[in-house]
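What follows is a set of notes on a single structure, which appears directly below.
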Amino acid sequence: MDKLIIHGNVPLQGEVRISGAKNAALPILTASLLTSAPVHIHNIPHLHDVTTIMSLLGQMGARVTLHENLGVEVDAGSVNSFQAPYDLVRTMRASVLVLGPLLSRFGRAEVSLPGGCAIGTRPVDQHLKGMQAMGVDVCIENGYIQAQAKKRLQGATIVMDIVTVTGTENIMMAAVLAKGQTIIHNAAREPEVEDLANFLNILGAKITGAGTSTIVIEGVNELGGGSYHVLPDRIETGTYLAAAVITRGKVKLKNTRPDLLESVLLKLEETGGEINTGQDWISLDMKGNRPRAVNISTAPYPAFPTDMQAQMMAVNTVAEGVGIVTETVFENRFMHVQELQRMGADIALKGNIAICTGVGQLQGAPVMATDLRASASLILAGLAAEKETVINRIYHIDRGYSCIEEKLSQLGARVQRMAS
Ligand code: EPU
Numbered sequence: 002m003d004k005l006i007i008h009g010n011v012p013l014q015g016e017v018r019i020s021g022a023k024n025a026a027l028p029i030l031t032a033s034l035l036t037s038a039p040v041h042i043h044n045i046p047h048l049h050d051v052t053t054i055m056s057l058l059g060q061m062g063a064r065v066t067l068h069e070n071l072g073v074e075v076d077a078g079s080v081n082s083f084q085a086p087y088d089l090v091r092t093m094r095a096s097v098l099v100l101g102p103l104l105s106r107f108g109r110a111e112v113s114l115p116g117g118c119a120i121g122t123r124p125v126d127q128h129l130k131g132m133q134a135m136g137v138d139v140c141i142e143n144g145y146i147q148a149q150a151k152k153r154l155q156g157a158t159i160v161m162d163i164v165t166v167t168g169t170e171n172i173m174m175a176a177v178l179a180k181g182q183t184i185i186h187n188a189a190r191e192p193e194v195e196d197l198a199n200f201l202n203i204l205g206a207k208i209t210g211a212g213t214s215t216i217v218i219e220g221v222n223e224l225g226g227g228s229y230h231v232l233p234d235r236i237e238t239g240t241y242l243a244a245a246v247i248t249r250g251k252v253k254l255k256n257t258r259p260d261l262l263e264s265v266l267l268k269l270e271e272t273g274g275e276i277n278t279g280q281d282w283i284s285l286d287m288k289g290n291r292p293r294a295v296n297i298s299t300a301p302y303p304a305f306p307t308d309m310q311a312q313m314m315a316v317n318t319v320a321e322g323v324g325i326v327t328e329t330v331f332e333n334r335f336m337h338v339q340e341l342q343r344m345g346a347d348i349a350l351k352g353n354i355a356i357c358t359g360v361g362q363l364q365g366a367p368v369m370a371t372d373l374r375a376s377a378s379l380i381l382a383g384l385a386a387e388k389e390t391v392i393n394r395i396y397h398i399d400r401g402y403s404c405i406e407e408k409l410s411q412l413g414a415r416v417q418r419m420a421s
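What follows is the structure, given as structure tokens:
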């Protein structure tokens, strides 16, 4: 398994290009199952999770062609298998996003039930409840969700018990070819949900309200083809900005959108970072100063994202003062705490609250990545630490950060990948 070796204590300086959003690209790729016409998707990030979803579509009989310049063409006209097998779902929970499109277009799907994962139990009960409301028979057999509809899915009014991103996306995709109107109340408002709706509308869907907590879908008989550009990754953006904060550096990020991460920018500004923005760029300058600690509490969009919690905790470990981090979305998303402590961080855990007292300087140490965002926080800590940090199990990072060593090196970081 590859390791990442970082020699830290270097302020990051320079410019970097932000990739397309992983959490928009994945549902958009699965949504291409809703049409028999070819679709072209641009600004696809070069990530392991994207490769996994492309091979899943391929296994189902879709023709998937990777083009130069981050483009993918999917032709789902030849789909002849409706199964997402355990081996793929086990490595990537987002595979469950094939459920809605398969049921909407073919009336059947067999999807391995995702198990728990490093950050929590993550059930899919809300996805299934929505499908059942649209007339789908669902049963769990041998670890698989066996779902079948005797006739075309029926539009329904669905009130989500909790705000779920992929749950909202799955139900929205199921409703696209259903008969009549579907209303999703208490829908997730994440920009990636809106991006998926924009893509579907280009193909001929009739979706309004995406980006708000009530989404209305008027079912149509079929979708056509089309071309779409995936929105920029707000979490990758936030992570590089946090890297500038923790190293007291100055970076400019291009091909991104400041309007996607207002809550994150406000917190980064509170640390002392001077932020400037244009329509498609963000710059942050720490002017060489030590960051100030900030309190954060994660919640669904537009509040502070759980996917930036670990990175902000890393910032707090070196900051001036005490920062209180509250995780409300996932029950077990503090796996990075013990690893940060190995680097000298002062963090006290009380249930879903982490109290971080800034220590000024971290020390390099061998550490282990446990999930995607935890890996990102360890990289940030390593960039700020004295001497060498070796991050084991770095494969997690390749699931969500495109060309991370290249991008960090472009900013002056001393980072090297080693195969072991
Ligand atoms: N939940 C349920 N029942 C459900 C669905 C969700 O109880 O049927 C719970 C979850 O266990 C969790 C909460 O609801 O406690 C919110 O989970 P959500 O369903 O919103 O998460 P997700 O859709 O599985 C997406 C992102 C995650 C991101 C979360 C929260 C994708 C592919 N994944 O996951 O991204 O953390 O939303 O914003 O969109 C990441 O990129 O590192 C990542 C984990």
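So the sequence shown is numbered by the working numbering: it starts at 2 and just counts up by one. Using N, Cα and C, we set each Cβ at its ideal position, and we do this for glycine too.
Cβ separation of residue i and residue j, assumed to be a contact under 8 Å, to the nearest whole Å
| i | j | result |
| --- | --- | --- |
| T1 | L363 | The structure shown does not extend to residue 1, since the chain spans only 2 to 421, so no value can be given for it. |
| V368 | E389 | At roughly 11 Å, the Cβ-Cβ gap does not stay under 8 Å, so V368 and E389 are not in contact. |
| T215 | V194 | The Cβ separation is near 12 Å, so there is no contact. |
| V17 | Y241 | 6 Å |
| V112 | A85 | 4 Å |
| K255 | I19 | 7 Å |
| A294 | G322 | 4 Å |
| V338 | L285 | Their Cβ separation, rounded to whole angstroms, is 25 Å, which puts V338 and L285 out of contact at 8 Å. |
| A189 | M135 | Contact flag wrong, Cβ pair sits at about 18 Å. |
| L232 | V40 | At roughly 16 Å, the Cβ-Cβ gap does not stay under 8 Å, so L232 and V40 are not in contact. |
| L5 | G250 | Their Cβ separation, rounded to whole angstroms, is 19 Å, which puts L5 and G250 out of contact at 8 Å. |
| M132 | L104 | 6 Å |
Buried or exposed by the 16-neighbour rule on C-beta atoms within 10 Å, applied to residue i
| i | result |
| --- | --- |
| S403 | buried |
| M174 | buried |
| R334 | buried |
| S378 | buried |
| I54 | buried |
| D196 | buried |
| M309 | buried |
| I357 | The amino acid occupying residue 357 in the given sequence is Cys; Ile does not appear at that position. Buried. |
| S96 | buried |
| H186 | exposed |
| L262 | buried |
| T167 | buried |
| S56 | exposed |
| N171 | buried |
| V99 | buried |
| E69 | exposed |
| R91 | exposed |
Any non-hydrogen atom of the ligand EPU closer than 7 Å to residue i Cβ
| i | result |
| --- | --- |
| G345 | no |
| F331 | yes |
| K23 | yes |
| D399 | no |
| G352 | no |
| L178 | no |
| V125 | yes |
| T209 | no |
| P46 | no |
| I297 | no |
| H8 | no |
| P306 | yes |
| G168 | yes |
| I383 | Reading the sequence as shown, one finds Gly at residue 383 and not Ile. Result no, Cβ not under 7 Å from the ligand EPU. |
| L58 | no |
| R374 | yes |
| A189 | yes |
| A119 | no |
| I163 | yes |
| L100 | no |
| E193 | yes |
| L27 | yes |
Member of the options whose CA lies at the smallest distance from the CA of residue i
| i | options | result |
| --- | --- | --- |
| E237 | K408, P12, P115, T36 | K408 |
| V391 | T327, Q339, R418, G78 | R418 |
| G227 | R415, E74, R400 | E74 |
| T287 | N277, P192, N296 | Per the sequence shown, the amino acid found at residue 287 is Met instead of Thr. The residue with the shortest Cα to Cα distance from M287 is N277. |
| G220 | T240, A148, G239, T183 | T183 |
| L201 | L412, G383, L34 | L34 |
| K151 | V137, E270, V164, L57 | V137 |
| G225 | N393, K207, H43, Q60 | K207 |
| R64 | G72, S79, N70 | S79 |
| G359 | E387, I325, G59, S376 | I325 |
| I283 | L178, L267, N296, I297 | L267 |
| G101 | H49, E332, T31 | T31 |
| P259 | R235, P303, A77, A211 | R235 |
| Q342 | P12, A420, H68, M314 | M314 |
| G21 | M161, Q60, P46 | P46 |
| Y87 | L103, H68, Q60, G144 | G144 |
| E275 | V246, I7, T299 | V246 |
| D345 | G156, L269, A320 | In the sequence as presented, Asp is not what sits at residue 345; that position holds Gly. The shortest Cα separation from G345 among G156, L269, A320 belongs to A320. |
Chain D contact for residue i (CB, 8 Å cutoff)
| i | result |
| --- | --- |
| M61 | Protein chain content of the structure displayed is limited to a single chain, and chain D is not contained in it. |
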